[in-house]
Amino acid sequence: MLVHSRKGKWATWAVFFVLFLPLFALPLLVVLAASFATNWSSAFPSGFTTGHYTAATRGESLQALTTSLVTAVTASLLALLVGTWAALAAHALGKRGRRVLDALFMLPVAVPSVVVGLAVLVAFSKPPMLLNGTRWIVILAHTVLVTAFAHQSVSAAIVRLDPAYAQAAASLGARPSYVLWRVRLPLLLPSLTAAAGLCFALSMGELSATMMLYPPDWTPLPVQIYAATDRGALFTGSALAVVLMTATVVVLFVVSRIRTKATYR
Amino acid sequence: MSSGIRFDRVSVAYGGNTVLDSLDLTVEPGEVMALLGPSGSGKTTALRAVAGFVRPASGRVLIGDRDVTDLPPYRRGIGMVVQQYALFPHMRVEDNVAFGLKAQKVAKGEIRGRVAEALEMTGMAAYARRYPRELSGGQQQRVAIARALAIRPGVLLLDEPLSALDAQLRSGMLAELARLHRELPEVSILYVTHDQVEALTLADRIAVMDKARLQDVGTPQELYRAPRTEFTASFVGNANLLPVTVAADGVSFGGVELKVDTGGATRGASATLCVRPHLVGLGAGPNQVVGTVSEIQWRGATHRLYIDVDGHRVMADVRELREPPGHGESVTVYFAPEDAVLLAAGVTDG
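Chains A and B, in that order, give the protein sequences. 1 is the number of the first residue of the first sequence in UniProt numbering; add one for each residue after it. 1 is the number of the first residue of the second sequence in UniProt numbering; add one for each residue after it.
Here you go:
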């Protein structure tokens with residue numbers, strides 16, 4: 001720690017809690033409390049019930065959860081594949097090419113996601129590339145939005161990777177493809193899983209682009225939450241939000257376990 | 001497979017900056033050649049040109065009779081060990097050693113035997129199931145050598161292989177490398193180092209490099225006893241380098257005539273006289289000069305005297321003295337005529 005005196009430490013902790021609790025923790029706790037309530041007119045919610053959860057884990061809501069999970073998993077795997085591929089290619093290109101590719105992949109982050117959603121909608125609404133009305137337009141938009149993050153974290157890891165490993169492998173007679181599969185990708189695995197986790201979390205929470213694109217039979221959970229709160233069903237919405245949060249955290253936890261196992265030295 | 005290495009006027013440049021300037025050098029089959037030089041001398045670049053990790057701007061690199069200049073590294077059939085070992089951290093020792101064999105699609109039944117053989121040779125058989133992170137630096141170095149030897153290369157490239165080890169381990173590994181080479185006499189070894197002790201101990205011949213150029217090649221004895229340049233003289237062992245003028249039957253140094261073999265140098269020309277400090281004796285003798293002691297260091301078995309002779313510093317390593325001279329005391333030192341080497345001035349670029 002940078003602060004050494006006892007008083008200084010207490011002060012830092014105090015500032016931390018004053019800032020952290022109201023900004024980050026309390027709103028989440030409020031959602032959690034609301035998800036168990038039927039009425040919230042005074043300072044605290046009242047009318048404890050688990051009914052919202054019963055509703056949130058069946059029928060349409062359960063459908064929305066699986067939709068979100070399938071979308072996020074597919075989008076993050078696609079993003080990981082495309083981002084890693086691009087990062088590897090950019091690394092081989094040299095400085096100028098790398099800069100151009102980096103800039104291109106950063107575009108979807110720089111552009112507001114509503115704009116990305118609109119762009120995808122306009123681009124894929126006419127034959128021969130007619131994806132509008134199918135689940136694929138949602139998955140595609142999510143992939144476009146999260147690939148930037150996959151590309152960025154993987155290319156940072158590639159730069160950090162000591163070229164001596166690949167060179168040692170090449171000197172032992174391994175072709176570039178063999179080196180890629182047996183040496184470079186295994187050594188990048190921790191970063192790849194981290195990137196996958198990040199993409200998954202971002203995709204699970206995506207709303208603004210999804211709103212413009214989702215077909216009736218492919219409603220992700222955030223859309224469901226928005227619809228519930230929009231019609232005034234705050235407590236139902238809260239339960240759905242807690243379900244979304246839990247599902248995301250559980251998947252991230254599993255991914256981080258894989259990552260720990262894949263970290264060497 | 002026995003094959004040497006030949007550099008045929010190999011130049012390497014990084015963006016207009018020449019890091020290796022038309023190197024001509026032949027490593028005979030089965031020979032240990034040390035590339036010795038300070039950092040930035042181009043020695044590592046030369047090794048990487050053989051491995052295929054840098055592309056020469058001009059010139060050819062040959063391994064055996066094969067021109068490998070345009071071949072990718074994986075087609076060159078070399079074994080390489082680098083300073084930081086570069087063992088694959090996600091593989092056990094045995095898988096590290098088997099890597100090259102698997103990559104080259106050696107028959108499965110054969111791999112096991114060759115991995116065991118390579119580990120046996122480096123004394124690492126007991127560690128086959130360990131991961132690299134569970135090994136000490138010296139053990140990792142042995143595994144790296146085993147991994148390079150498992151593919152039975154004709155040429156072994158060693159890039160400062162001992163510089164990450166501490167002094168004690170280093171001398172042990174030096175003996176180990178010498179033993180390995182006796183067991184594999186057909187393997188040519190190119191050994192890059194900045195450590196003259198490693199080069200003198202291990203190499204059949206030493207190529208001295210400085211400023212992207214080859215300065216001198218020869219056996220360790222030749223380079224030590226009869227260096228051709230001031231750089232070689234000072235980099236391979238210690239040396240007194242004294243500015244002298246060639247005289248009728250020797251040289252003149254600070255007004256004193258010294259008898260040395262001038263090798264037909266022009267009379268009156270300026271030159272550099274090289275004398276090893278341990279060949280300088282205290283007392284009167286054939287070639288004697290008088291000076292004052294400016295510094296004296298006790299080094300256990302020897303005393304190192306720094307003597308100021310006519311404004312030039314002369315170093316003398318003499319057996320430990322019972323009564324060493326004090327600072328500023330006047331002493332007479334000498335050396336045998338056959339122990340001095342005359343270097344023509346202008347050979348050097350120091």
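Glycine included, each C-beta is placed from N, C-alpha and C at the ideal position. Predicted, not measured: the structure shown is a model, and the values here were computed from it.
Tell me, to the nearest whole angstrom, how far the beta carbon of G291/B is from that of V275/B; I am working on the premise that it is less than 8 Å.
Cβ-Cβ separation between G291/B and V275/B: approximately 14 Å, too far for a contact (criterion under 8 Å).
Through-space distance from S155/A to D88/A, alpha-carbon basis
Strictly speaking, residue 88/A in this sequence is Leu, with Asp absent from that position. Rounded to the nearest angstrom, the gap between the Cα atoms of L88/A and S155/A is 7 Å.
Using a C-beta cutoff of 7 Å, does residue 290/A count as contacting chain B?
An answer regarding residue 290/A cannot be provided, because it is not within the stretch 1 to 265 covered by chain A.
Based on the DSSP secondary-structure assignment, which residues constitute the bridge partners of P303/B?
The question names Pro, yet the displayed sequence has His at residue 303/B. Answer is W298/B, V318/B, bridged to H303/B.
Go to F7/B, then tell me how far its beta strand (DSSP E) extends in each direction, as first and last residue.
In the DSSP assignment, F7/B falls within the unbroken beta strand (DSSP E) covering 5–14.
Give a yes or no on whether the minimum CB-CB distance between M80/B and chain A is below 7 Å.
At least one beta carbon of chain A lies nearer than 7 Å to the beta carbon of M80/B.
Does chain A have any CB closer than 7 Å to the CB of G100/B?
For G100/B, the answer is yes, since a Cβ of chain A falls inside 7 Å of its Cβ.
Quick one: residues in its chain with C-beta nearer than 8 Å to the C-beta of K102/B, no 5 flanking neighbours on either side, listed in chain order?
In chain order, I111 place their CB closer than 8 Å to the CB of K102/B, counting only its own chain and leaving out the 5 sequence neighbours on each side.
Stretch pair the stretch 146–163 of chain A + the stretch 69–79 of chain A: three plus CB contacts closer than 8 Å
Touching, yes, given that three or more Cβ pairs across the two stretches are closer than 8 Å.
Residues near P38/B by beta carbon distance below 8 Å, same chain, minus five either side
By the criterion of a C-beta distance shorter than 8 Å, P38/B is surrounded in its chain by H194, D210, F235, once the five residues flanking it on both sides are discounted.
If you measure between the beta carbons of H142/A and S203/A, is that distance less than 7 Å?
With respect to the 7 Å criterion, H142/A and S203/A are classified as neighbours on the basis of their beta carbons.
Between the beta-carbon of L221/A and the beta-carbon of L244/A, is there less than 7 Å?
Yes, the Cβ-Cβ distance between L221/A and L244/A is below 7 Å.
Distance CB(P337/B)-CB(K259/B) smaller than 7 Å
Cβ distance < 7 Å, so P337/B and K259/B count as in contact.
Taking all protein chains shown into account, do 16 or more other C-beta atoms lie within 10 angstroms of the C-beta of S153/A, making it buried, or fewer, making it exposed?
By the neighbour-count rule (16 or more Cβ atoms within 10 Å), S153/A is buried.
Closest Cβ-Cβ distance between G173/A and chain B: below 7 Å?
Residue contact with chain B for G173/A: present (Cβ-Cβ distance below 7 Å to some residue of chain B).
So, is P132/B buried or exposed, given that buried needs 16 or more other C-beta atoms within 10 angstroms?
Answer is buried; the Cβ neighbour count reaches 16.
Residues in the stretch 176–202 of chain A having any Cβ partner in chain B nearer than 7 Å:
Legend: CB atoms of the stretch 176–202 of chain A lying less than 7 Å from CB atoms of chain B belong to residues Y178, V183, P186, L187.
Interface partners of I151/B on chain A, CB under 7 Å:
What I151/B touches in chain A: L172, G173.
How far does the alpha helix (DSSP H) with D310/B in it extend, from its first residue to its last?
Neither: D310/B is in no alpha helix (DSSP H) and is coded neither H nor E.
Compare the beta carbon distance of S11/B and A57/B with 7 Å and say whether it is the shorter of the two.
In this structure, A57/B lies closer than 7 Å to S11/B by Cβ.
Assigned exposure category for Y14/B - 16 Cβ within 10 Å defines buried
Its Cβ having fewer than 16 others within 10 Å, Y14/B is exposed.
Helix, strand or coil: how does DSSP classify D249/B here?
DSSP, reduced to helix, strand and coil, places D249/B outside both helices and strands of the structure shown, so it counts as coil.
In terms of residue numbering, what span does the alpha helix (DSSP H) encompassing T147/A cover?
Per DSSP, T147/A belongs to the alpha helix (DSSP H) from 135–160.
Relative to the C-alpha of P176/A, which residue among Q104/B, Q168/B, K108/B, L223/B is closest?
Residue nearest to P176/A within the set Q104/B, Q168/B, K108/B, L223/B is Q104/B (criterion: CA-CA distance).
Cα-Cα separation between T38/A and T229/A, rounded to whole angstroms
Cα to Cα, T38/A sits roughly 14 Å from T229/A.
Can you check whether the CB of F88/B is closer than 7 Å to the CB of V183/A?
Judged by beta-carbon spacing, F88/B lies within the 7 Å limit of V183/A, meaning their Cβ atoms are closer than that value.
For a quick check, are the C-beta atoms of V293/B and L305/B less than 7 Å apart?
Yes.
A271/B (DSSP reduced to helix, strand or coil)
DSSP places A271/B in strand when its eight states are reduced to three.
May I ask you to report which of helix, strand or coil DSSP gives T332/B?
Strand at T332/B.
Please classify G264/B as buried or exposed, where buried requires at least 16 other C-beta atoms within 10 Å of its C-beta.
So G264/B ends up on the exposed side.
Report the neighbours of A157/A on chain B: residues whose CB is nearer than 8 Å to its CB, in chain order.
None at all; the shortest Cβ gap to chain B is about 14 Å.
If you follow the alpha helix (DSSP H) that Q167/A is part of, which residue opens it and which one closes it?
Unbroken alpha helix (DSSP H) run through Q167/A: 163–171.
Strictly below 8 Å CB to CB, what residues from chain B border A92/A?
What A92/A touches in chain B: nothing, since even the nearest Cβ is about 14 Å away.
Whether S61/A touches S208/A by CB criterion (7 Å):
No, the pair does not count as a contact, with Cβ atoms beyond the cut-off.
Tell me whether D95/B, by its Cβ, gets closer than 6 Å to a heavy atom of the ligand HEM.
The ligand content of the structure shown is nil, which means the ligand HEM is not present either.
Is it the case that the Cβ atoms of V244/B and A269/B are separated by a distance below 7 Å?
No. Outside cutoff.
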